[in-house]
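Participant:
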Amino acid sequence: MRIQLLIVIVLSFNSANAYLPYQVDKREPIKIMGIFGPNEEEVATAFEIAVRRINKDFKALPPDIILEPIVQHVENYDSLHTAKLMCNATSEGIAAIFGPQSIENRNIIESMCQMFDIPHVEAFWDPNKYFIPTNGVHGVNVYPESHLISKGISVIINDMDWDTFTIIYETHDNLVYLQQVLENAHDDDKEIRPGRPSVTIRQLPPDTDDYRPLLKEIKNSSESHILLDCSMDKTVTILKQAKEVHLMGDYQNYILTNLNAHTVDFQDFQPGYANITTVRMINPTNPHIRSIMNGWIYEENERGRSLNVRAETVKIEAALMYDAVYLFAAALQSLGERKPLPTPLSCENPSSWQHGLGIGNLMKSITIDGMTGRINLDSQTGRRNSFSLEFVEYVSDQWKVLGTWNTAFGLNHSRTVEQMDKEKKEKIENRTLTVTSKTGEPYMMKNPETGELYGYSVDLIKMIANELNFTYKFVLERENTYGTLNPQTGKWNGLIGELQEQRADLAICDLTITSERRAAVDFTMPFMTLGISILYRKPAKKQPDLFSFLEPLSFDVWVYMATAYLGVSLLLFFLARCTPYEWESQHPCDSDPDELENVLNLVNCLWFSLGSVLAQGCDILPKAVSTRLVAGMWWFFTLIMISSYTANLAAFLTNTRMNPPIKNVEDLAKAGRIKYGCVEMGSTRNFFKNSNVSLYQRMHSAMESSRPSVFVKSNKEGVERVVKEKGKYAFFMESTGIEYEVEKNCDLMQVGGLLDSKGYGIAMPTNSPHRSTVSGAVLRLQESGKLRDLKNKHWKEHNQTVKCEKDEDETDNPELGIDNVGGVFVVLIAGCGVSFLFSLLEFLWNVRKVAVEEKLSPYEAFMLELKFAIRCYGTSKPVRRKASTPSLKSNSLANLDLFNNKMNMINYNSTR
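Numbered per mature numbering (1 follows the signal peptide of the UniProt record, and there is no 0), the sequence shown spans residues -18 to -1, 1 to 894.
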């Protein structure tokens, strides 16, 4: 409960000139007057208590001197009454004037103090003096410089990573107070989410205490950082109404710039999980402040006024007034005069106090430690330019110091990184988070019978929840879309819209991290890296050709080889007939033959060339140099051709799969008969749309102009279209999805490499307090290998029922089947059949010849020759004689004929 200080008892007087001494003491009193407004009772009390505490400390003042406080309350803007009080006070002798806060009254006091050389001590903020520096030497102000406070607040905002925020202020004077914050908000080096202003300024509506409409507008804008610069009564009202409109959740962060914010008891309205940070100059746990407050309470009790005043509830104005009185006392002590008594002065005949100028200058040069820290004033302007600000956060019904900002040393954190990580983890423990997702294999699937959700995303969030000790509930997105931005409204739908509206705490699925989405929501570090690639249907396996053994050489080469075979055979025949060295005697024993014979006849030349081509050789060999030269060149030619044929034969016989018509994205762009597309609304299309690569720009234009449309609603539809159109459609898809589909469907394949590199991340509302905590959990799972195992579980083990046969050219030991070499068997069988046919013709021709020569019927000759042929023994055959040949010969002639027959047989065999 807020503690109200009792109203100080003001000394009664019958006229403006009647003052009753506050204290009876043998020491000479020095009167100081405090002028306060009607609602500044606590400040007036602090003024009196400071005087009493100083009077009891004999080291605080020169000897034989005490301070006599005079407290006057005047209405704001009552210039006439204020001037009358000043004239009455100076006529009695006054050493210093403290206050007031009213701008008009302060101007009169300041002018009269300059006229009389009386020190004018202030402890309030004057927005006008921010633009108009004080040129006099009499006035001092212990209130910190507003632009320095604004600088400290700006540093705190940057340290808390507020890239955007909304300022709610009460009057235009507050904008002067936040001048430095506004300037730093537009710093060009500051990272700002695209499409959003860095700072939005909203003024409280006048003449009303209902701020709910304004707060609802801020909530609809998805702003989560709010800076409140209002009076404390309005600040409390705003926070209470913010809770009513659900603007005090996990994702809302408030900074209260009022230096009295630490006096609010937030337990009165339970702000919930919102992060509330305040700026203060009074640290209630400081031993020096506690000592001062103990003396304060003692003074009040001594006067019979029991006040429930604490260091946690004392206002900054009262503390500054307390410090201002001590600063004046320190200046009296430093003056060196034993009795610097004030001189009575008259407003009718103005004169100056001899010690006033010296005391005013001393107040600007000395340094003291007060309730608000070290007080050090500027020697020229008399303003306070040295102080410290503490920024504290309201956590678990208590204030926790986050750090300190000092005008000299800057920002200093009071917590280590480990402590901050621990506090962030504590915020998520034992909480129930709402997780939104969309269905899609293998990330999120639904059992049609039980309605149970399962998949990669379910297992991943379960692992993270076990790591961070929180519970969760799944909510499927109604439209089952990732989310797209509406340029007219600036709103997202789908998963991103759910997060923006803060209806969910996390979104987990195959959600790609893009700059456009990052401008709308926050992402954790990627839990899976990937890129865009091409999904295409495998070409159907080519059935091996029966005559595939002919494929190593083209048809033209076969024709050229046949032509070369005939040409070389004819050339060899012609050269053999021309050269004399190829003509020999029919009988080797006859040295003087009547006839010469040439064995390289046309048939033998063809047989020789054929044996060389088939690498089998031949018994008939050339003897002349010319014919041997032709034979050598033919052998060299056949060596090269046979080696080339053999080398290519293995590849052609084992390569039974037809290569795909495209191997990369360049081939796809050139292949006019193959259409290609992607998901209509997704990161893949945005990649082509926003790419600076001319090839991708042309491909995006081609996709947009294609009719019928090549865009699909989902990845599933795209995969079905690839399968259905059988090689006439290629689908751009993220590589992880392609891996899954290839494992599941043996007819699909990935073509080419990755076109880009990106990652899937867990999305959260902007400025989520759980982002770093969940990111840390993802990193630990990645380092431990659990994410790899989880992917194998859903990509490979899930598809174990589908066994794709490896292509034969992909096996370690490829084997040739009958389909590969069947043509060789066909040629062999055909050759054997042709040879059998020729043998039959030769047999029949011989039967006819025997029938004529032996005077037998064709049937008799046929049966005679057939019986001999089917007899499987015997290697000799009798000669069939002509009918006219005599049966008897002389022995000599018979022997001679026998010899000639044997020699002919020998020559005949040699020619063969």
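By construction, the Cβ of each residue, glycine as well, lies at the ideal position given by its N, Cα and C atoms.
What did DSSP end up calling Phe714 once you bin it into helix, strand or coil?
Facilitator: Mapped onto the sequence shown, residue 714 falls at position 732. Here Phe714 sits in strand by DSSP.
Participant: Specify, as a first and last residue, the run of the beta strand (DSSP E) that Asn358 falls within.
Facilitator: For this step, residue 358 is matched to residue 376 along the sequence shown. It spans 355 to 359 - the beta strand (DSSP E) in which Asn358 sits, taken as one unbroken run.
Participant: Assuming Gly392 is part of the beta strand (DSSP E), what are its boundary residues?
Facilitator: Locating residue 392 in the sequence shown gives position 410, where the first residue counts as 1. Its beta strand (DSSP E) spans residues 392 to 395.
Participant: Residues in its own chain within less than 6 angstroms of residue 911 by CB, not counting five upstream and five downstream?
Facilitator: Only positions -18 to 894 of the chain appear in this structure, which leaves residue 911 out of reach.
Participant: Is Gly465 helix, strand or coil when you go by DSSP?
Facilitator: What you label residue 465 is simply residue 483 of the sequence shown in a count that begins at 1. Reduced to three states, the DSSP call for Gly465 is coil.
Participant: Between Leu209 and Thr148, is the Cβ-Cβ spacing less than 9 angstroms?
Facilitator: Translated into the one-based positions of the sequence shown, residue 209 becomes position 227. Translated into the one-based positions of the sequence shown, residue 148 becomes position 166. Yes; because the gap between Cβ atoms is below 9 angstroms, this pair is in contact.
Participant: Look at the Cβ atom of residue 895, then the Cβ atom of Phe456, and state whether they are nearer than 9 angstroms.
Facilitator: Nothing about residue 895 can be read from this structure; the chain reaches only from -18 to 894.
Participant: Measuring only the C-alpha atoms, how far is Met15 from Asp39?
Facilitator: Residue mapping note: residue 15 aligns to position 33 of the sequence shown, counting from 1. Residue mapping note: residue 39 aligns to position 57 of the sequence shown, counting from 1. The alpha-carbon atoms of Met15 and Asp39 are separated by roughly 20 angstroms.
Participant: Jot down the residue ranges of each uninterrupted alpha helix (DSSP H) in the segment 471 to 523, minimum 4 residues, whole runs only, in chain order.
Facilitator: Counting only runs of 4 or more, we get 476 to 482, 497 to 500.
Participant: Measuring only the C-alpha atoms, how far is Ala32 from Thr471?
Facilitator: Locating residue 32 in the sequence shown gives position 50, counting from the first residue. Locating residue 471 in the sequence shown gives position 489, counting from the first residue. Each residue's Cα considered, the two are about 59 angstroms apart.
Participant: Tell me, please, whether the CB atom of Ile490 is closer than 9 angstroms to any CB atom in chain E?
Facilitator: You won't find chain E in this structure, because it holds only one protein chain.
Participant: Output the boundary residues of the beta strand (DSSP E) element that contains Gln336.
Facilitator: For this step, residue 336 is matched to residue 354 along the sequence shown. It is not in any beta strand (DSSP E) - Gln336 carries neither H nor E in the DSSP assignment.
Participant: Using the rule of at least 16 other Cβ atoms within 10 Å of the residue's Cβ for burial, across every protein chain shown, is Asp487 buried or exposed?
Facilitator: The count along the sequence shown starts at 1 and reaches residue 487 at position 505. Per the 10 Å Cβ criterion, buried.
Participant: Leaving aside the five residues before and after Leu578 along the sequence, list all residues of the same chain whose C-beta is less than 7 angstroms from its C-beta, in chain order.
Facilitator: Position 596 of the sequence shown holds residue 578. Closer than 7 angstroms at Cβ, skipping near neighbours: Trp565, Glu566, Ser567.
Participant: Excluding five sequence neighbours on each side, which residues of the same chain lie with their C-beta closer than 8 angstroms to the C-beta of Phe693?
Facilitator: Here the question's residue 693 lines up with position 711 in the sequence shown. The answer, listed in chain order, is Gly659, Cys660, Val661, Glu662, Arg667, Met685.
Participant: Under DSSP, the alpha helix (DSSP H) around Lys773 begins and ends at which residues?
Facilitator: Residue mapping note: residue 773 aligns to position 791 of the sequence shown, counting from 1. Counting along the chain, the alpha helix (DSSP H) containing Lys773 begins and ends at 768 to 777.
Participant: If contacts are defined as beta-carbon pairs under 8 angstroms, then Lys420 and Glu459 qualify, I think. What distance do you get, rounded to the angstrom?
Facilitator: On the sequence shown, position 438 is the one that residue 420 refers to. On the sequence shown, position 477 is the one that residue 459 refers to. Right, their Cβ atoms sit about 5 angstroms apart.
Participant: Looking only at C-alpha atoms, which of Pro570, Arg9, Gly75, Leu309 sits nearest to Val103?
Facilitator: Translated into positions along the sequence shown, residue 103 becomes position 121. Per the Cα distances, Leu309.
Participant: Leaving out five residues before and five after Asn(-2) in sequence, what residues of the same chain have Cβ atoms less than 6 angstroms from its Cβ?
Facilitator: Working through the sequence shown from its first residue, we reach residue -2 at position 17. Its pLDDT being 34, under 50, Asn(-2) is placed unreliably by the model, and the measurement read from it follows with that caveat. Within the same chain, Asn(-2) has close Cβ partners Asn70.
Participant: Give me the Cα-Cα distance between Ser84 and Asn240, rounded to the nearest whole angstrom.
Facilitator: Counted from its first residue, the sequence shown places residue 84 at position 102. Counted from its first residue, the sequence shown places residue 240 at position 258. If I take the Cα positions, the gap works out to 19 angstroms.
Participant: To the nearest angstrom, how far is the alpha carbon of Asn424 from that of Tyr518?
Facilitator: The residue given as residue 424 occupies position 442 in the sequence shown. The residue given as residue 518 occupies position 536 in the sequence shown. The residue you asked about is not Asn; residue 424 is Pro in the sequence shown. In a straight line, the C-alpha of Pro424 is about 20 angstroms away from that of Tyr518.
Participant: Within 10 Å of its beta-carbon, does Tyr255 have 16 or more other beta-carbons around it, so buried, or fewer, so exposed?
Facilitator: Position 273 of the sequence shown, counting from 1, holds the residue named residue 255. Label assigned to Tyr255: exposed.
Participant: Any idea what DSSP makes of Lys382, helix, strand or coil?
Facilitator: By one-based count along the sequence shown, residue 382 stands at place 400. Three-state DSSP puts Lys382 in a strand.
Participant: Can you give me the start and stop residues for the alpha helix (DSSP H) that His154 sits inside?
Facilitator: The residue given as residue 154 occupies position 172 in the sequence shown. Here the alpha helix (DSSP H) through His154 covers 154 to 159.
Participant: Go ahead and label Ala544 buried or exposed: buried means 16 or more other beta carbons lie within 10 angstroms of its beta carbon, across all protein chains shown.
Facilitator: One-based indexing of the sequence shown puts residue 544 at position 562. Counting Cβ neighbours within 10 Å, Ala544 comes out exposed, since fewer than 16 surround it.
Participant: Count the other C-beta atoms from every protein chain shown that fall within 10 angstroms of the C-beta of Ile811, then say buried if there are 16 or more, exposed otherwise.
Facilitator: Residue mapping note: residue 811 aligns to position 829 of the sequence shown, counting from 1. It is exposed - the Cβ of Ile811 has fewer than 16 other Cβ atoms within 10 Å.
Participant: Can you round the beta-carbon distance between Glu205 and Thr182 to whole angstroms, since I take them to be within the 8 angstroms contact cut?
Facilitator: Taking the first residue of the sequence shown as position 1, residue 205 is located at position 223. Taking the first residue of the sequence shown as position 1, residue 182 is located at position 200. Yes, Glu205 and Thr182 are in contact; Cβ-Cβ is about 7 angstroms, under 8 angstroms.
Participant: Which residues bound the beta strand (DSSP E) around Phe452?
Facilitator: In the sequence shown, counting from the first residue as 1, residue 452 sits at position 470. Neither: Phe452 is in no beta strand (DSSP E) and is coded neither H nor E.
Participant: Classify Ile264 as helix, strand or coil using the three-state DSSP reduction.
Facilitator: The count along the sequence shown starts at 1 and reaches residue 264 at position 282. Looking at Ile264 - three-state DSSP - the assignment turns out to be coil, as it is neither helix nor strand.
Participant: Hey, Gln234 and Ala243: beta-carbon distance below 9 angstroms or not?
Facilitator: Here residue 234 is taken as the residue at index 252 of the sequence shown, counted from 1. Here residue 243 is taken as the residue at index 261 of the sequence shown, counted from 1. No, they are not a contact pair.
Participant: For Lys773 and Gly709, what's the separation of their Cα atoms in angstroms?
Facilitator: Here residue 773 is taken as the residue at index 791 of the sequence shown, counted from 1. Here residue 709 is taken as the residue at index 727 of the sequence shown, counted from 1. Using only the alpha carbons, I get a separation of about 29 angstroms.
Participant: For Lys740, count neighbouring C-beta atoms within 10 Å of its own C-beta (all shown protein chains included) and say buried if the count is 16 or more, exposed if not.
Facilitator: In the sequence shown, residue 740 corresponds to position 758, counting from 1. The residue is buried, with at least 16 neighbouring Cβ atoms inside 10 Å.
Participant: Looking only at its chain, what residues have a beta carbon closer than 7 angstroms to the beta carbon of Pro385, apart from the 5 residues adjacent to it on each side?
Facilitator: The count along the sequence shown starts at 1 and reaches residue 385 at position 403. Correcting the residue identity first, residue 385 is Gly in this sequence and not Pro. Cβ neighbours of Gly385 beyond the five flanking positions: Phe373, Leu393, Asn394, His395, Ser396.
Participant: Helix, strand or coil for Pro51 per DSSP?
Facilitator: Locating residue 51 in the sequence shown gives position 69, counting from the first residue. Here Pro51 sits in strand by DSSP.
Participant: What do you get for Ile12, buried or exposed, if any count of 16 or more other CB atoms within 10 angstroms of its CB means buried?
Facilitator: Working through the sequence shown from its first residue, we reach residue 12 at position 30. Its Cβ being crowded by 16 or more others within 10 Å, Ile12 is buried.
Participant: Just to confirm the assignment, what range does the beta strand (DSSP E) spanning Tyr308 have?
Facilitator: For the purposes of this step, residue 308 is taken as the residue at position 326 of the sequence shown. No beta strand (DSSP E) contains Tyr308, which is instead part of the alpha helix (DSSP H) from 298 to 317.
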